[in-house]
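Residue numbers (our numbering): 729 to 974. Beta carbons: idealized from backbone N, C-alpha and C, even for Gly.
See the structure below:
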């Protein structure tokens, strides 16, 4: 049992990050339980990288924000960002569900996707820079966790749009373990109630949007959920950082 769980943890880290780990048996349905661990690890790397660069090097806050964001995308977020751009292109192109699902699988990025990516990344950079300027480094730790929690919540609420691909493998047969991942919301709600609540509402809205436009969820749409959740969490946290009813 312990070896199976350690293998599942290794699979989660190897599948959802670029960390050089791999399990003996690829069991994604068992590995989903460790999504919060992945988030905490990635968040910890972002937090300590920002702390070291900000307080122990002569680098300015702009460059630190850029480096921390680049590191986050290199380690994991680029994988999900690709899904976000695919979703934007598919929604922009319009058409019926089958056409949109087909566009999700195309590797090319359209003009709107390129434009969206520029403003999305610019906005995220400005948010990270503002948080660093106010010494709110813990938000970087929470950012990575909330992204994985949002992805898991989306998988829990939604259903697969097609019976193939890694998205289908992720969504099928793992709901009990996905439910356990939602414990990770507790520290997030305590730390940032407004931002966490806004993120949950975003996931609920995206679930309906994906059901209407795509007939359900795919791996790309789960990745898009993660990216949008992280962005919104930082934005709302920055605006309502002083609010906590307890």
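Buried versus exposed call for residue i [16 or more other C-beta atoms within 10 Å across all chains shown]
i: residue 729; result: exposed
i: residue 750; result: exposed
i: residue 937; result: exposed
i: residue 953; result: buried
i: residue 764; result: buried
i: residue 808; result: buried
i: residue 802; result: exposed
i: residue 828; result: buried
i: residue 788; result: exposed
i: residue 805; result: buried
i: residue 967; result: exposed
i: residue 758; result: buried
i: residue 676; result: No statement about residue 676 is possible, as the shown extent of the chain runs from 729 to 974 and does not include it.
i: residue 843; result: exposed
i: residue 824; result: exposed
i: residue 775; result: buried
Span of the alpha helix (DSSP H) around residue i
i: residue 941; result: 921-942
i: residue 775; result: 763-784
i: residue 866; result: 866-885
i: residue 948; result: 947-967
i: residue 760; result: It is not in any alpha helix (DSSP H) - residue 760 carries neither H nor E in the DSSP assignment.
i: residue 738; result: 730-744
i: residue 908; result: 903-909
Residue nearest to residue i in terms of C-alpha spacing, selected from the options
i: residue 945; options: 967, 968, 891 and 839; result: 891
i: residue 863; options: 779, 733, 760 and 772; result: 779
i: residue 790; options: 738, 858, 745 and 963; result: 858
i: residue 839; options: 820, 856 and 854; result: 820
i: residue 935; options: 914, 916, 754 and 957; result: 957
i: residue 903; options: 753, 745 and 760; result: 760
beta-carbon residue i near the ligand GTP non-hydrogen atom, thresh 7 Å
i: residue 800; result: The ligand GTP is not part of this structure, which contains no ligands at all.
As an exercise, report each continuous alpha helix (DSSP H) stretch of at least 4 residues that is fully enclosed by the stretch 799-856, in chain order.
806-821 and 825-832
Within 8 Å, do at least three Cβ pairs link the stretch 866-876 to the stretch 912-928?
yes
Quick check: the stretch 874-890 against the stretch 949-964, are there 3 or more CB pairs under 8 Å?
yes
Check whether the stretch 906-921 touches the stretch 871-881, counting contact only when three or more Cβ pairs, one atom from each stretch, lie closer than 8 Å.
yes
Touch check for the stretch 809-818 and the stretch 826-844: three-plus C-beta pairs under 8 Å?
yes
For the stretch 848-857 and the stretch 740-755, state whether three or more C-beta atom pairs, one from each stretch, are separated by less than 8 Å.
no
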